[in-house]
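**Student:**
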Amino acid sequence: MGTGRALDLGDLIGIDGRLRVSQTGEKTIFAEKLTMLCKSLAQPPEKFHGAKDVEMLLRQRSIDLIYNEGVLDRMLKRTRIIHSIRQTLSGEGFVEVETPVLHAVAGGAAARPFITEHNTLGIELFMRIASNCTSSG
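Once you know that position 121 of the sequence shown is 120 in numbering that gives the first Met the number 0, the rest is easy, because the numbers rise by one and skip nothing.
(1) Hey, out of A103, S89, V96, A30, whose CA is closest to L120's CA?
(2) Report the residue from T98, M126, N118 whose alpha carbon sits nearest the alpha carbon of A105.
(3) Measure from the alpha carbon of A5 to the alpha carbon of each residue in T34, Q22, L64, then state which is nearest.
(4) Please classify I81 as buried or exposed, where buried requires at least 16 neighbouring CB atoms within 10 angstroms.
(5) Could you check the C-alpha separation between I12 and I28 for me, to the nearest Å?
(6) With 16 as the cutoff for other CB atoms within 10 Å, does L40 come out buried or exposed?
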């Protein structure tokens with residue numbers, strides 16, 4: 000891409016370059032190559048007035064990250080906490096086991112299951128009722 004004129008707010012881009020500290024002390028990527036990854040189909044809300052639609056912010060977390068300063072801080076804190084818990088438990092000999100969210104058979108005792116369909120396989124799947132935490136060491 001020759002200029003930034005083809006870029007719109009909300010476009011996803013890839014940048015190759017060197018990470019440096021600018022003269023003003025800001026961490027800056029000195030771009031050598033810019034690649035358009037995905038063109039934005041809709042403009043995000045105007046930042047000056049902010050995004051007021053709470054439901055939209057909950058559904059589109061990337062917009063929430065742009066408009067609400069505390070969201071990024073909370074996300075980074077949460078990531079560090081989870082990483083620390085995983086490191087601690089791993090150091091104590093615990094093993095993390097991933098369990099599927101969708102099952103071919105409904106479970107959860109008397110609870111009514113949430114049913115969805117796997118489009119490619121053409122089968123019904125059931126969402127697990129509770130993600131219980133089981134541990135042993």
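We put the CB at the ideal spot given by N, CA and C, even for glycine.
**Tutor:** Quick look at the numbers:
(1) Taking the sequence shown and counting its residues from 1, the one referred to as residue 120 is at position 121. Answer by Cα proximity: A103.
(2) Your numbering for residue 105 matches position 106 in the sequence shown. Distance from the Cα of A105 is smallest, within the candidate group T98, M126, N118, for M126.
(3) What you label residue 5 is simply residue 6 of the sequence shown in a count that begins at 1. Considering only alpha carbons, the answer is T34.
(4) Start at 1 with the first residue of the sequence shown, and residue 81 comes out as number 82. The residue in question, I81, is exposed, as its Cβ has fewer than 16 Cβ neighbours within 10 Å.
(5) The residue you call residue 12 lines up with position 13 of the sequence shown. The residue you call residue 28 lines up with position 29 of the sequence shown. Going from the Cα of I12 to the Cα of I28 covers about 13 angstroms.
(6) For the purposes of this step, residue 40 is taken as residue 41 along the sequence shown, with counting starting at 1. Here L40 is exposed, its C-beta having fewer than 16 other C-beta atoms within 10 Å.
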